[in-house]
Structures are given as structure tokens and as C-alpha cells.
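For reference, the structure is listed below as C-alpha cells.
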Amino acid sequence: MKLNTNFFLSEFLTPELYSSVEKGDISEFVATGLINPLVYEFIFDFRKIIGKPIRVNDWILGGQFKNRGYRMPSWGGDKNLSQHKNGNAIDFDSPNHYSPQELRKIIVENKDKWPFISFIEVDINWVHVDFRYTKSNNIIFWSPTRGTVQYNSGI
């Protein structure tokens, strides 16, 4: 199912979940609705801004990524705290076009377009953005090794 000009539903779902859609066990409507509409709004708009391909899940093309969009509740890689399981997060990159640091910088420079972004993970070789509720009007930048950090264009 094509969601817009640049993205297919399979890019946001795990192989297991997408297989359930293909078999008719879960409707496309229900599967699409597992992900916060703000995730779609952001990634569709961000793709237009950078004008280059974005890779979310690429398993359907034989790639390695299958948990960068919605994650099944049974996925245990993050001690069950992942915003991906709530449909509130997305991981992505733009291989051969932009580094993760450059992509994060573009997000920060355009943050007024997406005031609902609340959390960006840094010190990783991909981009993680999520839309969790926080009391802050600012984006929280968090490193898996350093905790909460101040943003600079090199992270």
C-alpha cells in the first residue's frame, strides 16, 4: 500500500505485521492507524525538504531494517519502554546523501515546522525522532551513553 509519493506502508511495519495485512488478518486501515499521524506528517514533509531518499524499514527489499517504525509489543530490545511500540517514533537515515548529524541539523533548523517533535536521540548512526508527551516546549536531546545533552550540530 502506497502511503504517499515516497513511502509504502511496509516501510513502517515489521515483516510479521505486514504479512498479517497481506493475508487480510489486519486491515490496511488498522495497520496504518497503529502509527501516530504526526510520525507520517513529519517524515513525509522531511522527505520533501531534503529531496533525497529516506530509509526507514527496508526488509521488503532484502535489507536489514525491520524495527524502525512500529514495533510489536512483544519486541524486547528496549525493555518495553520504546515509543516505537506506541507508534510515536521513527528511526531513519539517508544513505549516500546525508549523515545522521546533517539530518538532525536540518530537523533542528526547521523545528518550527514540527513543534510536536519532543525527543531526538544522538550519538547513534541513524536518526531517532519521537513524539512523546513532555512538559517542555523544547526538544530533548538524549544520548545512550551520556544521557540528556545540549544540542550542537556535531551530534
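Residue numbers (this note's numbering): 1285 to 1439.
Where a beta carbon is used, it is the ideal one built from N, C-alpha and C, also for glycine.
query                                                                                                                                                                   : result
Could you work out which residue in N1290, G1308 and E1405 is closest to Y1324 when comparing CA atoms only?                                                            : N1290
Here's a check: name, in chain order, each residue in its chain whose Cβ is nearer than 7 angstroms to the Cβ of E1295, leaving out the five neighbours to either side. : V1340, N1341 and G1353
Helix, strand or coil, according to DSSP, for K1419 in the structure here?                                                                                              : coil
What residues match up with R1339 in a beta bridge as DSSP calls it?                                                                                                    : D1377
So V1411 is in the beta strand (DSSP E); what residue range does that whole segment cover?                                                                              : V1411 to D1414
By the 10 Å Cβ neighbour count, where 16 or more other Cβ atoms means buried, how is V1314 classified, buried or exposed?                                               : exposed
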